[in-house]
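Here the sequence shown stands for residues 4 to 340, numbered as in the numbering used here.
Think of the CB as a built atom: it goes at the ideal place given N, C-alpha and C, for glycine as much as any other residue.
The structure displayed is predicted, hence computed values, not measured ones.
Read the structure below first, then the notes.
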Amino acid sequence: MTVMITGGAGFVGSHICVELIHAGRKVVVYDNFCNSHPEVINRIRRITGTAPEVVRGDVRDVEALISALSAHGCSAVIHLAGLKSVADSVSKSTEYYDCNVVGTLRLAQAMQQTGVRNIVFSSSATVYGEPDMLPLREDHKLAPFSPYGRTKMQAEELLSDIAQSQSPLNVVILRYFNPVGSHESGLIGEDPNGIPNNLMPYISRVAIGRLPVLNVYGNDYPTPDGTGIRDYVHVADLAAGHVAALDCADKQRVLKVNLGTGRGTSVLELVDAYAGACGKTIPITFAPRRAGDIASYYASAELAANVLGWHAKRGIAEMCRDAWNWQRKNPNGYLDQ
Ligand code: NAD
Ligand code: UD1
């Protein structure tokens, strides 16, 4: 079985490539490298002994997708290609809708034209918005409050509609909670451009000395230590969830599943765990709440267990150990070739 992974050179996609190759699948990475480094392909080969095929292309280019899907005889697609910064989605909303929504539509059209039926789509817990109830179940209402979140919701909707159309696709929508960590080899990992927006890569940059101090956004939330609570999930566990999703794709037309651990961790708990993993103190300073942040959310992981037979195996200690291992071995990310 050959699987196309759009966005396969990125943080999550590279880990899925490793997992799929280990599971005996052939992999085609389809990526325009707008937010990734070609060196990642060498790293995947070093881990697995096999380099994935690579097609440099844009997910909005139907003709290029059709020729890549046919030339490689793909039988399924995992669709990760997209833009993911909440802040940029406000200032560059046209680009976000074009890449994330139009890109998903073009991919669906290319799949229909080539007869490739199964698609696994990377969505986000951000589609839920402010939780009415925790843990967040898949039937919770969707009310994202950023353009980024709305592009994910719209991509979910268009895929769900196409699943019921005359030329149907089988759709598995995976709603990621907070993916962190890296492959245990430290050869692939998260390598954001510029100053990281997300907590774990920011802590890593402080630990390695590239940033002086972590700003903790808000210590007056209604949580036990006053800081925000999230459901961090190890990226290797997340990757395994995609293999399970592919195996289930043709059992049901549309499946929407959370990928999270079901456990919440506060900012201060994560900082403590990271300090334990790297053996250094992480300097922090308390800063005002970040606009648009939610106090606390975490997944219900029940459906993933029941339908995909998947659950996260790694805890916070392993997530911090592996994030630090990657950062320590690659202080400048993929530029350290
Ligand atoms: P990433 O930026 O590391 O990877 C995305 C990849 O897609 C990159 O390699 C980029 O070059 C490629 N890409 C972007 N636009 C493209 C286009 N138009 N055509 C072809 N390739 C394109 O991001 P990631 O963290 O690996 O996230 C992967 C997916 O998961 C994204 O869709 C993201 O929205 C979703 N997601 C990520 C998180 C997270 O915290 N990392 C959480 C929830 C959902
Ligand atoms: C963010 C995005 C969300 C996206 C998710 C991907 C926002 C508002 N939301 O979510 O749409 O799906 O990333 O993982 O950007 N924090 C600090 N200091 C920092 C960075 C973060 O204290 O420098 C805190 C935040 O306030 C939050 C927690 O750490 O409480 C996690 O933040 P982050 O890693 O950015 O993830 P999310 O906010 O969950």
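Any non-hydrogen atom of ligand 2 closer than 8 Å to residue i Cβ
{"i": "Thr1", "result": "Residue coverage of the chain in this structure runs from 4 to 340, which leaves residue 1 outside it and unanswerable."}
{"i": "Met203", "result": "yes"}
{"i": "Gly13", "result": "no"}
{"i": "Val89", "result": "yes"}
{"i": "Gly267", "result": "no"}
{"i": "Ser149", "result": "yes"}
{"i": "Val219", "result": "yes"}
{"i": "Gly263", "result": "no"}
{"i": "Ile285", "result": "no"}
{"i": "Val270", "result": "yes"}
{"i": "Ile50", "result": "no"}
{"i": "Thr230", "result": "yes"}
{"i": "Gly244", "result": "no"}
{"i": "Arg213", "result": "no"}
{"i": "Asp275", "result": "no"}
Check whether residue i and residue j have beta carbons under 9 Å apart
{"i": "Tyr235", "j": "Asn200", "result": "no"}
{"i": "Tyr301", "j": "Arg266", "result": "yes"}
{"i": "Leu72", "j": "Met114", "result": "yes"}
{"i": "Val57", "j": "Gly10", "result": "no"}
{"i": "Val119", "j": "Met7", "result": "yes"}
{"i": "Leu262", "j": "Leu241", "result": "yes"}
{"i": "His186", "j": "Trp329", "result": "yes"}
{"i": "Cys2", "j": "Ile47", "result": "No information on residue 2 is available, as it lies outside the stretch 4 to 340 that the chain covers here."}
{"i": "Gly221", "j": "Ala276", "result": "no"}
{"i": "Glu159", "j": "Leu145", "result": "yes"}
{"i": "Arg282", "j": "Asp194", "result": "Here residue 282 is Gly; the residue named in the question, Arg, does not match the sequence. Contact flag unset, no."}
{"i": "Gly152", "j": "Ser127", "result": "yes"}
{"i": "Arg317", "j": "Ala239", "result": "yes"}
{"i": "Ile69", "j": "Thr117", "result": "yes"}
{"i": "Ser299", "j": "Pro134", "result": "yes"}
{"i": "Val123", "j": "His82", "result": "yes"}
{"i": "Tyr99", "j": "Leu108", "result": "no"}
{"i": "Leu249", "j": "Glu141", "result": "no"}
{"i": "Glu22", "j": "Val310", "result": "no"}
{"i": "Thr268", "j": "Ala304", "result": "no"}
Ligand 1 heavy atom lying under 8 Å from the CB of residue i
{"i": "Gly60", "result": "yes"}
{"i": "Asp34", "result": "yes"}
{"i": "Asn181", "result": "yes"}
{"i": "Arg63", "result": "yes"}
{"i": "Ala341", "result": "Absent from the model: residue 341. The displayed extent of the chain is 4 to 340, so no value can be given."}
{"i": "Gly16", "result": "yes"}
{"i": "Glu56", "result": "no"}
{"i": "Lys144", "result": "no"}
{"i": "Glu193", "result": "yes"}
{"i": "Asn335", "result": "no"}
{"i": "Cys102", "result": "yes"}
Residues near residue i by beta carbon distance below 8 Å, same chain, minus five either side
{"i": "Glu321", "result": "Gly184 and His237"}
{"i": "Ser149", "result": "Val89, Ser92, Val93, Thr129 and Gly295"}
{"i": "Asn35", "result": "Arg59, Gly60, Asp61, Val62 and Ala84"}
{"i": "Asn196", "result": "Asn38"}
Sequence-distant residues of the same chain with beta carbon closer than 6 Å to residue i, five excluded per side
{"i": "Asn333", "result": "Asp339"}
{"i": "Leu190", "result": "Arg46, Arg49 and Ile50"}
{"i": "Met203", "result": "Val183 and Ala326"}
{"i": "Asn41", "result": "According to the sequence provided, residue 41 is Pro. The question's Asn does not apply to it. Cβ neighbours of Pro41 beyond the five flanking positions: none."}
{"i": "Ser207", "result": "Ala326 and Gln330"}
Sequence-distant residues of its chain with Cβ nearer than 7 Å to residue i (five each side left out)
{"i": "Ser39", "result": "Ala12 and Gly13"}
{"i": "Gln112", "result": "Val65"}
Chain B contact for residue i (CB, 9 Å cutoff)
{"i": "Ile19", "result": "The structure shown contains no chain B; it is built from a single protein chain."}
*Is it true that the segment 169–181 meets the segment 258–277, where meeting means three or more beta-carbon pairs spaced less than 8 Å apart?*
yes
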